[in-house]
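Its first residue numbered 7, the sequence shown is counted upward by one per residue in the numbering used here.
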Amino acid sequence: MLYCSNYSCQAPNSERSKFCQKCRTPLTKRYLWAIGPGAESCRTDELVANRYLVKGGRVLLDTKPGLLPGISTEQIPDDLLPYLRLSPYALHVPQVYDWVRLESAGGPEKLALLERSPLYLPNTPSDADPPASDPQLFPSLTDLWPRSSALRQLNWLWQIAHLWQLFATEQVVSSLLMPDLLRVEGPLVRLMELQLDASGIEPTLADLGSLWQQWLPSAHAKVSPHLDALCQDMIRRQLHASEQVIERLDEALWTVAQASSRQVSLATRTDQGPSRQRNEDACYPPSGTAQTLALTPTVTPLLIVCDGIGGHQGGDVASNLAIAAVQQHLQSSDLRRLSPLALMQELEAAACAANDLISQRNDEEHRQDRQRMGTTLVMALVREHELYLAHVGDSRAYWITPWNCHQITQDDDVASREVRMGYSFYREALQHASSGSLVQALGMGSSSLLHANVQRFVLDDDSLFLLCSDGLSDNDRVEQYWDLELLPVLGGRANLEIVTQRLVDLANSQNGHDNVTVGIVHVQLPSLSPTKLAPTQLPGVEVAPAPTAIASTAVVSPVGSLSAQAAQASKPLPNLSPQPSEPALPKTQVVSPVAAKPRPLPLLLTLLALLGAGALGYWLMRDRLTSLTGFPPAPTLSPPAEKDPAIALQPGAFLLIGRAAEGAPGDISGLVLLPSPPTVEGSPTASPSPASPATAGLAIDPGSVLMVLERRPPDAPAWIKLKVCSTEQAVAPTPAASPTSSPAAPPIAPDNGSASSANPTLPASPIGLPIRELPAPPAADTFHTPLPERSAIAPPGEEGWVALSDLRPLMMPNPTPTDAQRGVCVSSSPTPDLPAPPPSPPPVVPHAEPTTPPSDPPASPPVG
């Protein structure tokens with residue numbers, strides 16, 4: 007009997023059911039591994055603590071997953087503390103779920119129940135029903151060692167070496183010397199449990215070398231020379247630290263990996279969500295990107311996801327600042343020549359550079375405490391056979407394997423900190439009022455107090471990584487839907503661009519409380535094939551059914567966003583061949599080649615019919631949306647080519663003024679409304695003059711809506727006459743923030759009319775994706791109205807002239823403003839029917855200016 011995880015339902019269901027028979031909630035099936043003195047005495051079908059059903063051996067099923075475990079930290083036994091302190095390494099180490107008394111043992115024995123254990127469910131012959139067999143352990147490392155590739159064998163040894171010092175600190179390093187505790191899930195080394203070191207005995211690297219030497223006879227031919235020399239040096243105690251072992255394994259990995267070709271596919275998407283007024287998330291590459299690159303020594307793809315903090319105080323500014331700072335920092339480094347350790351330090355330095363830039367903006371605007379803007383950060387960088395991951399905050403990264411969805415980042419919140427310090431179990435810590443509060447984020451303080459978490463993974467097989475903000479990860483949506491939405495990518499049956507859109511739709515329909523951003527990294531190694539798993543109970547079987555994940559919840563498509571056909575195709579992890587997540591992608595079929603004459607006429611007629619139906623559907627939907635909302639449908643996710651903004655400068659057109667421009671004070675947009683356009687002596691038409699005074703002008707407030715009255719000259723407008731229709735304070739639903747809280751760009755030194763103060767040309771990017779360039783210096787003949795030291799704000803109804811060169815980077819065409827935005831212009835002539843302008847690109851934040859005088863060129867950033 008399995009009870010519904012919906013707290014308001016909790017109806018009993020059969021263990022074979024995928025959904026609650028009463029409320030249709032996906033049923034959570036959480037299998038646990040028992041440790042303790044009485045673990046072996048558990049009887050099959052026994053119900054422990056009136057909750058946990060013994061499935062056989064030491065495997066138990068939580069029959070009431072909707073209730074919190076009864077665990078308490080009042081008396082945490084010493085043998086469970088290492089699990090808590092090693093919680094950041096849950097990819098390898100199981101975690102404590104509950105601690106219960108075993109009544110059948112007839113004594114005070116207690117069982118510790120571990121989640122995230124190396125368990126799986128074999129598939130049934132029919133994919134129509136849930137798995138009927140009991141959970142099994144993943145194979146041991148020694149069972150799969152002789153049949154694994156050279157790269158995978160080295161990867162397993164490399165992970166063990168990385169865990170050595172961590173386990174030694176917690177006095178559980180003996181766990182790495184017991185082959186039966188070392189289980190493997192494809193490329194991952196996972197431990198069944200932790201074994202405390204014997205009192206007075208401290209295992210050494212020589213003991214580890216002796217164990218590895220036993221695997222030498224069955225090692226791959228490419229691995230044997232490296233492993234033999236390494237084991238000899240470890241046994242002779244010539245290597246005294248695990249870092250030396252890792253360095254030797256890195257050299258072997260580099261040599262073996264060069265024989266494999268790789269390609270990486272990236273896709274990103276961000277969305278405002280149904281309940282937010284603005285999108286404070288940001289991503290790189292820009293939203294809607296979907297591309298595939300061949301990995302070479304000169305191509306290092308980068309993907310970034312940021313979730314801004316601060317709401318109207320500037321969370322969107324902080325997230326874009328972070329992306330610009332990280333790009334600029336990595337652009338200045340030759341990533342190809344850095345050692346793995348140096349590259350990890352470089353990624354941490356990039357996070358610190360972003361933190362300093364945001365903190366500088368906060369300090370300049372006198373933001374304190376909760377008024378400070380900030381952002382989370384999670385970024386992935388692929389180089390050769392490695393993926394580097396850095397994160398700060400609670401934006402997450404997941405590693406998708408054919409059998410599981412692993413969260414590989416730990417949130418920087420209060421609950422996770424309590425667990426790391428051994429003060430509380432995770433689910434108990436989640437009950438505290440401040441459990442979700444972040445303990446660190448970019449922009450909240452000095453970089454000396456920031457600890458960016460940087461990890462490194464060796465990729466020995468096709469690998470899929472998901473980076474996302476909490477708009478998707480909240481409420482365990484990734485764990486619930488990964489096998490339907492993400493697993494088909496590993497089988498080559500899903501398009502990344504479509505998958506990112508479906509994940510955004512899922513987040514909006516199932517969560518919907520926040521902005522959502524997703525990024526996917528798919529690394530493919532065509533020359534390698536995955537090692538098939540064999541159940542531990544059948545060691546002699548060479549090819550076994552692929553295991554089914556047991557940690558995730560059954561899948562149901564979100565109403566209104568995912569197709570009904572995809573919902574019917576939902577299966578509990580079929581044998582690496584789930585139904586396609588996209589109805590438009592049929593199954594691949596092998597057919598005999600048949601010579602046939604091409605028949606282009608039916609194909610042409612079909613294409614014409616589809617185009618006609620698509621056009622008709624578009625116009626019908628456009629009319630429907632316009633009638634409901636008053637606004638035309640939003641532009642497509644892929645931004646069109648940038649056009650000349652002069653098409654939106656016809657008399658009668660409306661413009662929306664964006665955020666502050668480079669060099670502008672924090673309380674104005676950088677635009678000055680002049681009574682009349684200056685003229686150059688002897689010129690037949692009005693032309694800009696650098697000598698024109700600006701002290702008589704009025705500053706245009708960011709968020710103001712303007713109407714174009716006149717352009718001069720008509721054929722090539724250099725000056726535009728505008729009327730202020732409304733300001734942001736007049737149309738905002740809440741009182742506007744003070745001028746000091748408005749986001750503004752970092753101040754720059756005046757150029758004194760000298761071209762030497764312009765931004766330097768950035769070097770070519772070593773990253774294999776387009777880098778968002780810093781703003782280019784204005785041309786010598788381009789006039790920019792100098793800003794007055796103290797300008798009054800132009801009120802609604804004010805008219806004046808603005809130089810096109812000042813207006814162009816800030817204007818946001820708004821051809822269908824609301825009545826409140828029209829303001830004093832509501833009685834003016836209606837807006838002409840103009841073509842829809844392209845969406846404005848995301849703001850690019852300039853880098854901090856050097857401390858040298860403006861006349862000297864800025865110094866290059868330090869490398870390494």
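Every residue gets a Cβ at the ideal spot worked out from N, C-alpha and C, and that includes glycine.
Once you ignore the five residues that flank residue i on each side, which residues in its own chain have a CB closer than 6 Å to its CB?
| i | result |
| --- | --- |
| Ser422 | Gln416 |
| Gln27 | Asn19 |
| Ala360 | Ala328, Ala331, Val332 and Leu448 |
| Ile799 | Ala705 and Asp707 |
| Ile414 | Leu97, Ala403 and Trp405 |
| Leu470 | Ile406, Val495, Leu496 and His528 |
| Ser365 | Gly449 |
| Leu200 | Pro88, Val178 and Ser181 |
| Gln377 | Gln319 |
How many Å lie between residue i and residue j at the Cα?
| i | j | result |
| --- | --- | --- |
| Gly451 | Gln283 | 27 Å |
| Leu157 | Cys29 | 47 Å |
| Arg389 | Pro307 | 7 Å |
| Pro823 | Leu712 | 10 Å |
| Ala300 | Ala225 | 30 Å |
| Leu53 | Phe144 | 25 Å |
| Ala619 | Leu611 | 12 Å |
| Ser93 | Leu202 | 16 Å |
| Ala204 | Ser430 | 26 Å |
| Pro769 | Ser339 | Only weak support is given to the placement of Pro769: the predicted model assigns it a pLDDT of 38, under 50, and the question is left unresolved by the model. |
| Ile653 | Leu617 | Annotation note: pLDDT 45 at Ile653 (below 50); position unreliable, coordinate value reported separately. Ile653 and Leu617: Cα-Cα distance of roughly 29 Å. |
| Ala724 | Leu813 | 10 Å |
| Gln16 | Leu67 | 16 Å |
| Asn12 | Pro32 | 9 Å |
| Val4 | Asp84 | Because the chain here runs from 7 to 870, residue 4 falls outside it and cannot be looked at. |
| Gly477 | Arg508 | 14 Å |
| Ala265 | Leu387 | 21 Å |
| Ser78 | Arg343 | 50 Å |
Within the same chain, show all residues whose beta-carbon is closer than 7 Å to that of residue i, passing over the 5 residues directly before and after it, in chain order.
| i | result |
| --- | --- |
| Pro223 | none |
| Ser682 | Trp807 |
| Pro152 | Ser224 |
| Val464 | Asn161, Trp164, Leu259, His391 and Glu392 |
| Val311 | Cys289, Val384, Ser401, Leu473, Cys474, Ser475, Thr523 and Gly525 |
Measuring CB to CB, does residue i end up less than 7 Å from residue j?
| i | j | result |
| --- | --- | --- |
| Leu502 | Ser271 | yes |
| Met7 | Thr50 | no |
| Pro71 | Thr34 | yes |
| Ala659 | Val730 | no |
| Asp287 | Ser515 | no |
| Val251 | Ala167 | yes |
| Pro141 | Leu150 | no |
| Cys289 | Thr304 | no |
| Arg122 | Glu176 | no |
| His232 | Ala263 | no |
| Cys237 | Trp218 | yes |
| Ala357 | Ala458 | yes |
| Thr210 | Ile315 | no |
| Leu353 | Gln461 | no |
Below 8 Å on the Cβ atoms is my contact criterion, and I expect residue i with residue j to pass it. Report the Cβ-Cβ distance as a whole number of Å.
| i | j | result |
| --- | --- | --- |
| Leu341 | Leu349 | 6 Å |
| Leu73 | Tyr58 | No, Leu73 and Tyr58 are not in contact; Cβ-Cβ is about 12 Å, not under 8 Å. |
| Gly279 | Gly518 | 6 Å |
| Leu214 | Met198 | Between Met198 and Leu214 the Cβ distance is about 18 Å, and since that is not below 8 Å, they are no contact. |
| Leu490 | Val524 | Leu490 to Val524, Cβ: 15 Å. No contact. |
| Ser155 | Asp466 | 7 Å |
| Val445 | Ala435 | That belief does not hold up - the Cβ atoms of Val445 and Ala435 are roughly 12 Å apart, past 8 Å. |
| Leu172 | Leu182 | Wrong, their Cβ atoms sit about 10 Å apart, outside the cutoff. |
| Gly63 | Glu115 | At roughly 17 Å, the Cβ-Cβ gap does not stay under 8 Å, so Gly63 and Glu115 are not in contact. |
Leaving aside the five residues before and after residue i along the sequence, list all residues of the same chain whose C-beta is less than 8 Å from its C-beta, in chain order.
| i | result |
| --- | --- |
| Pro564 | Unreliable placement is indicated for Pro564, whose pLDDT of 31 sits below 50; no coordinate value is reported for it. |
| Ser146 | Pro185, Asp186, Leu188, Arg189, Val190 and Thr542 |
| Leu86 | Val102, Trp105 and Ala118 |
| Met6 | For residue 6 there is no data in the structure shown, the boundaries of the chain being 7 and 870. |
Using a Cβ-Cβ distance cut-off of 7 Å, determine whether residue i contacts chain D.
| i | result |
| --- | --- |
| His335 | Included in the structure is just one protein chain, with no chain D present. |
(request) Only counting runs of 4 or more residues, tell me where the alpha helix (DSSP H) segments fall wholly within the segment 307-381, in order along the chain. (result) 321-337 and 346-370
(request) Report the residue ranges of all alpha helix (DSSP H) runs contained in full by the segment 139-193; include only those spanning at least 4 residues, in chain order. (result) 147-150 and 156-175
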